[in-house]
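When we follow my numbering, the leftmost residue of the sequence shown carries the number 1114, and every step to the right adds one.
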Amino acid sequence: MERKIAASILSADLLHLGDELGRVRASGADWLHFDVMDGIFVDNISFGIPVLKACAGAGGLYLDVHLMIQDPLRYVDVFAGNGADRITFHLESVSDPFRTLDAIHRAGVQAGLALRPATPARAVLPFLDAVDMLLVMTVEPGFGGQGYIPEMTQKVREVRALLGDRPVDVQVDGGIDAATAPEAARAGANVLVSGSYLFRQTDMKSAVDILRRAGGDAV
Ligand code: DX5
Ligand code: ZN
């Protein structure tokens, strides 16, 4: 699977969002990771539709929307209609996963299914042929800047093994930096989300290159 680097704008300087998007484009990152939090599914509230629409209007970036919200099915069409290229939602949310995956595909965008750290890898089994991506959270969702949970490396390995030869992306999100990316990549993750590590760099491009090479061509 092709390696993709997704820069999470949760860690961007929101007062200068346009400049930050320019920095992401110039860095060579493949995707912009867009974290939506509702204060119910997670203990934090981030940003939503108007900010997504602004990012889409700026152009030039694939928008990878990560919904950390209670009832994602209700919002699929509005996120798809405002620029999302891929929508990932949580298996632990209240929406029916099959209906939600179907709604995302019918809206013409790619679909991902996310697991909180406590949810076991085997929970993805019914959905292997219905997803474009599985997201293994490597921190508890809700906040940027947390430390990678080492036990999640084994879960990434299990999820990749369950997928067999299906061409499905495995994404990791949370605490990904130069030190943790190699083990996540070697375990089978091909999409690496990074927020605080990338945005704190003065030279974001070098950091993206480090993540892109981390762990070699493992998957
Ligand atoms: C956490 C979010 C992440 C977050 C990652 O709930 O889903 O996307 O922005 O940030 P870092 O890379 O700082 O852990
Ligand atoms: Zn995220």
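The beta carbon of each residue, even a glycine, is placed where N, CA and C say it ideally should be.
Between which two residues does the alpha helix (DSSP H) containing residue i stretch?
i, result
"Q1267", "M1265 to L1276"
"S1307", "Counting along the chain, S1307 falls outside any alpha helix (DSSP H), though it belongs to the beta strand (DSSP E) covering V1304 to S1307."
"S1140", "L1130 to S1140"
"T1213", "P1210 to R1219"
"D1322", "M1317 to R1326"
"G1170", "I1162 to A1171"
Name the residue from the options whose alpha carbon lies nearest to the alpha carbon of residue i.
i, options, result
"T1201", "V1249, D1322, S1124 and G1260", "V1249"
Would you kindly work out how many angstroms separate the C-alpha atoms of residue i and residue j, rounded to a whole number?
i, j, result
"M1317", "E1133", "11 Å"
"A1197", "V1222", "7 Å"
"I1217", "A1193", "8 Å"
"V1252", "M1181", "13 Å"
"I1262", "L1204", "19 Å"
"A1243", "F1211", "8 Å"
"D1184", "L1247", "18 Å"
"A1298", "G1329", "8 Å"
"F1154", "L1130", "26 Å"
State the start and end residues of the unbroken beta strand (DSSP E) segment that holds residue i.
i, result
"R1299", "Looking at the DSSP string, R1299 is not in any beta strand (DSSP E); the run it does join, the alpha helix (DSSP H), is A1294 to A1300."
"F1192", "That residue, F1192, is in no beta strand (DSSP E); its alpha helix (DSSP H) goes V1189 to A1193."
Since residue i contacts residue j with CB under 8 Å, what's their CB separation in whole angstroms?
i, j, result
"I1162", "V1191", "6 Å"
"L1276", "L1241", "6 Å"
Any residue whose CB is nearer than 5 Å to a heavy atom belonging to the ligand ZN, listed in chain order: D1148, H1179 and D1286
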